[in-house]
Amino acid sequence: MAKIDISVKILRYQPGKDEKPRWQVFKLAIEDEATILDVLNEIHWQHDGTLAYRRSCRSSICGSCAMKVNNRNVLACETPIHRFGTKLKIEALSGFDIIKDLVVDLEPFFAKLKRIKPYLIVDKPLPDKEFVQSTAELETIGESTLCILCAACSAACPSSWPNQDYLGPAALLKAYRFVFDSRDDGADDRLEIVNDKNGVWRCHTIFNCMEACPKKIKITEYLSRLKVKVVENSL
Amino acid sequence: MKTDEAKKYHQIDAVIVGAGLAGLRAALEVAKSGLSAAVISKVYPTRSHSGGAQGGIAAALANVGEDSPQLHMFDTIKGSDYLADQDIIELFVNEALKTVYEFEHMGVPFSRTEDGRINQRPFGGHSSPRACFAQDVTGHVLLHTLYEQCLKHNVFFFNEFQVLSLLVEHDLSRGLVAWDIRNGGLHVFHSRSVLLATGGYGRAWKVTSNAHANTGDGVGLVLAAGLPLEDMEFVQFHPTGLYKHGILLSEAARGEGAYIVNDKNERFMKTYAAAKMELAPRDIVSRSEQTEINEGRGIGGKDYVYLDLRHLGKEKILQRLPQIYDLALNYLKVDAVKEPVPIQPTAHYSMGGIPANARTEVIKDAKGTVVKGLYTAGETSCLSLHGANRLGCNSLQDAATFGRIAGIQMTAFCRENGFNDLPADPLASAQAKIDHLWQKDGKEKHADIREELQVNMTKYMGVFRNQQDMLKMQALIKDLQARYRKVAVGDHGPVFNLDLIEALELENLLSFSEVIVEGALARTESRGAHFRTDFPKRDDDQWLKHTLAWRRDGKIVLDFSKGVVIYPQYQPQERKY
C-alpha cells in the first residue's frame, strides 16, 4: 500500500453563496487502494468541512452515493480511484436539481416511484403459509429486485433530461418487477399507468441506464418486456 | 397529521425514529390501523442499514429440515451464553413464523425450494437450516418491500432529519425535536407515542461492518434524557469482515459450505469447535480467528485469515452468493471463484441498547417502571433477546417481529391516550447543542476526535479485552469528551450541513462509548462477545445479571440488580459447540 498524489476537481455549489455551480480543485495524497468515497471523506474531514455529499453503507447496497466521476455514473463507495487514474472530476448526478455540492434533490425520483403503485397487489385470499412460487417464476423478476434506487440510471437517461414528467428507468423497472411477479394481481392498473407517452414509450432503448447501473441490471431489456406486455394487454 | 409549516410544528399520533426494518414495520402497523404514523430518518428509508444484512431471517418453518420453535428457542438461549431473557425468546420464536409469512405475502422475493416454498439455509449456532433467504441480499429485499408497503398505506416520511432531543418529562413521552438536514431548522414533533428504532452503534470502532449512519443516536438520546442503557458492553464482532474495509461478508458463505483457513491452510475451527466448525456462533469464531492471528498463524503472519469459497464452484457462488462475490472483487480485487478472500473480525452488532419490556415499552429502572408512550425496537433496543451474543439471522427477525409488536402496542396506547403537554421551551436543549457547535473560538476538529475514538476502540475494546487496556480507553474517552467541548463547526450554512451532523453524531459516540467501557470494566467475567483475558471464565454466581447504566452528573452509574429471566428447563450449562 502506497500513497499517491491525486488531483480532484469537484463541482461545488453552496446555496446562499454561489450563484451557480463552480469547479474547485483539491490536491491530496491518498492510498492507492482508496475509493472515490475515501477521497471525498478525506477532503471533507481534513481539507474542507463544507463539502456535502451523501453516503452510508460503504458496501454498494444502500444507494446513497451515486454521482458522476469522470463523466460516468458510479457509486462512490465501490469505485476505486485507480479506475480513473490520478485526475478525478467529480460532480452531482445530471438531470436533478442540486441542493448543495454533490447532493441532489431526489424528491421527484421517489415521487415517480410512487406513481406506478410500487407494491404487491393481491386480490385472492392469502394462504396460511407462503404463496407457492417456482424458481423459474422467481427468476423472471429476481434481477429486477436488486435495484437499490440509487438513481444512476435515471441520471444517465437522455430521455429523462429534457422531460421531467417521464417516469424514468427506475420507476419503470419497479413496474416490471411487480407486473411480472407471479403473486401479483395489479398488472392491469400498472400497465395502464405506464402505457403513456411519459411512461414506457418514452424509453428509446438507448441503453445508458444499463451501462450506468451499479447492480448490472438489464434495465432496457426489462423495459422492453414491459412494452410487449402493454401491447399484449391492450389487444 | 397536523402541520404548521411556519412554526415547524407537527402533531402526529406515532412518531417513529429510524427507517430500518423495525421502524418501518412499526409504522406500517400503526398506519394500517388508521392512525397517523410518521417516520423520521437521517437518510432516505431505503438507505437504512437493515439493507446491509445479507444471509437470511430466522424462523422455524421446517421447509428444508426438521425444526421447531422450541429448537430455535434453545439455540438462541445457548447462543446468548444464557444472558438473554427467556420469556422474550419464547415470544420471539413463536411470532417468527408469522413474520416471515407476512413478508412473503407482501411480496418479498425469497429464494425457493424445488417445490416452490421459501428456501432455508444453515447458519451459525442454529441446529437446523433455519435462515429464510433471498440469495445474499435478504435485508435489502425485506427493507425495500416494507418501504413499498409503507408507501401503500400512506406513512408520512420526514427524510433527512436528525433527532436532537427527546421530550420526556415526568416519565411521559411528549414528542421530540429534530433538525431538518436538507433545509436547516429545528422542528417539533408532538406525538402521543414515540418509537426509537435507530439501529446499532458500530461506528464507535474503526474496523466495522456498520454504515456511516450507525452512530448510536438512539442510545445517545436516551442517555441524555436521563434514562438507562442495558448490557452495552456486549458488542458482536463478525468473523468475516472484508480485510481492511471491515465490510460484511455474510455468514451465508459458511452456511453454503465455505471454509476459514489459516496460513497453513488448516481449517482451524477444528481446534475450537470441532462439532460445528465454521458454523459455531460468531463470538467463538471471531475469538478463534483472533487467536490464530495473535499466535502468528495469520496469512503471512499478518492480521488476517482466509475465507475460502473455491470448492463451492462458480455456479453456486454466483447463484447463491453474488453480493459476496462482487464485494471481494470490487474492494480487494479478489476473484472468490479462484482465490481465497482475506478476512478479519469486524465490529458488527450491538446486543445492548435501550432497555424495554416484552411490549417494547422503554423502562427506566431495574424494577421495570415504564416511560409512558416511549417504545424501542430492533438493534437499538435491549429486551434482552440476544443476551451476550446474537445468532446470525436473528437480527432481521428481531427487528421485524418486535417492530410489529411495537406498532400494535403504540396503536393501542394512542387510542387510549391524548397528546401530553410539551415542555415550556421544547427547542431549548436542541438549540443549545447547535449554538455551541457554531461557536467561533473552538480549536478542535470533530474528525480528529472521532478517528482517535474509533482507532482506540478497535485496539482496546475488541474481541479480547483486559483491565489495563480498558483503563487506557476510559482515560482517553474522558480526554476526548473534554476536547469535544472545544469543537467548532466551520460550516455555518443551514442547508445539508454534513459538518454539523457529524459533530452532533460524535457527541453520541463519545457518550455511549463511555458506558461500554464502564460496563466492560465492571463485568469481571467472560460471557458471549465480552471476553476478558484477565477473567476468561463465565461466572454465573456473580454475573448472571444485566447491566444498567445511567449518565448522572457527568458520571456513569451502574446497577446490576436486573436479573435474567430463566425457565426451569433451560438452566445455564457449559457452552460447547
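Chains as they are written, first to last, in my numbering: chain A, 10 to 244; chain B, 665 to 1241. In this text, a Cβ means the ideal position worked out from N, Cα and C, and glycines have one as well.
Take every Cβ of the region 1024-1044 of chain B, pair it with every Cβ of the region 757-777 of chain B, and state whether three or more of those distances are shorter than 8 Å. no
Which ranges would you report for the beta strand (DSSP E) in the region 1019-1106 of chain B if only whole runs of at least 3 residues count? 1025-1027 and 1034-1040
Euclidean distance between Cα positions of Gly1126 (chain B) and Pro1019 (chain B): 23 Å
Taking buried to mean at least 16 other C-beta atoms within 10 Å of its own C-beta, is Lys225 (chain A) buried or exposed? exposed
Should Gln33 (chain A) be flagged as near chain B, meaning a C-beta pair shorter than 8 Å? no
Amino acids of chain B, ordered along the chain, whose beta-carbon sits closer than 7 Å to that of Arg192 (chain A): Gly771
What are the residues in the region 63-75 of chain A lying within 9 Å of chain B by C-beta distance? Arg63, Arg64, Ser65, Cys66, Arg67, Ser68, Ser69, Ile70, Cys71, Gly72 and Ser73
Is there at least one Cβ from chain A nearer than 8 Å to Tyr765 (chain B)'s Cβ? yes
Cross-chain neighbours of Glu220 (chain A) in chain B, by beta carbon under 8 Å: What Glu220 (chain A) touches in chain B: nothing, since even the nearest Cβ is about 17 Å away.
Under 7 Å by beta carbon: chain B residues contacting Ala160 (chain A): Residues of chain B passing the Cβ test: none, with the nearest at roughly 10 Å.
C-alpha gap between Gln734 (chain B) and Asp1089 (chain B), whole angstroms: 51 Å
DSSP beta-bridge partners of Gly839 (chain B): B:Leu831 and B:His854
Proximity test, Cβ basis, 8 Å: Thr710 (chain B) and chain A: yes
With Arg81 (chain A) as the anchor, note down where its beta strand (DSSP E) starts and where it stops. Arg81 to Leu84
Taking the beta strand (DSSP E) that Leu971 (chain B) falls in, what are its first and last residues? Val969 to Asp972
What are the partner residues of Met76 (chain A), as DSSP defines its beta bridges? A:Val83
If you scan the region 903-969 of chain B from start to end, which runs of the alpha helix (DSSP H) of 4 or more residues do you find wholly inside it? 916-919, 933-936 and 946-958
Using a Cβ distance threshold of 8 Å, determine whether the region 952-959 of chain B contacts the region 920-936 of chain B, with at least three qualifying pairs required. yes
Give a yes or no on whether the minimum CB-CB distance between Lys138 (chain A) and chain B is below 8 Å. yes
Residues in the region 22-51 of chain A with C-beta within 7 Å of chain B's C-beta atoms, listed in sequence order? Gln23, Pro24 and Gly25
Of all Cβ atoms in chain A, is any one closer than 8 Å to the Cβ of Phe1160 (chain B)? yes
Partner residues on chain A for Lys816 (chain B), Cβ-Cβ distance less than 7 Å: Tyr128
Is His713 (chain B) close to chain A, meaning its C-beta is less than 8 Å from at least one C-beta of that chain? yes
Would you grab the beta carbon distance between Lys1209 (chain B) and Gly1227 (chain B) for me? Rounded to a whole angstrom, and I think it's under 8 Å. 5 Å
Find the nearest neighbour of Ile845 (chain B) within the set B:Ala888, B:Val832, B:Gln826 and B:Leu860, judged by alpha-carbon distance. B:Gln826
What residues in its chain sit with their C-beta under 6 Å from that of Ser191 (chain A), if we drop five residues either side in the sequence? Gln142 and Glu146
With DSSP collapsed to three states, give me the class of Ala1146 (chain B). helix
Helix, strand or coil for Lys138 (chain A) per DSSP? coil
His808 (chain B), enclosing alpha helix (DSSP H) - first and last residue: Thr802 to Lys816
CB contact flag (Ile157 (chain A), Gly72 (chain A), <8 Å): yes
Could you tell me which of A:Asp47, A:Ser233 and A:Leu37 sits nearest to Leu200 (chain A), measuring between CA atoms? A:Ser233
Proximity of Gly1067 (chain B) and Ala678 (chain B) at Cβ, strictly below 8 Å: no
Can you look up Ala724 (chain B) in the DSSP assignment and give me helix, strand or coil? coil
Compare the C-beta of Ala1243 (chain B) with all C-beta atoms of chain A and state if any pair is closer than 8 Å. What is shown of chain B runs 665 to 1241, which leaves residue 1243 (chain B) out entirely.
Spatial neighbours of Asp1204 (chain B) in its chain, beta-carbon cut-off 6 Å, leaving aside the 5 residues before and after: Pro1236
Taking Cβ-Cβ distances shorter than 8 Å, what residues in chain A pair up with Gln813 (chain B)? Tyr128
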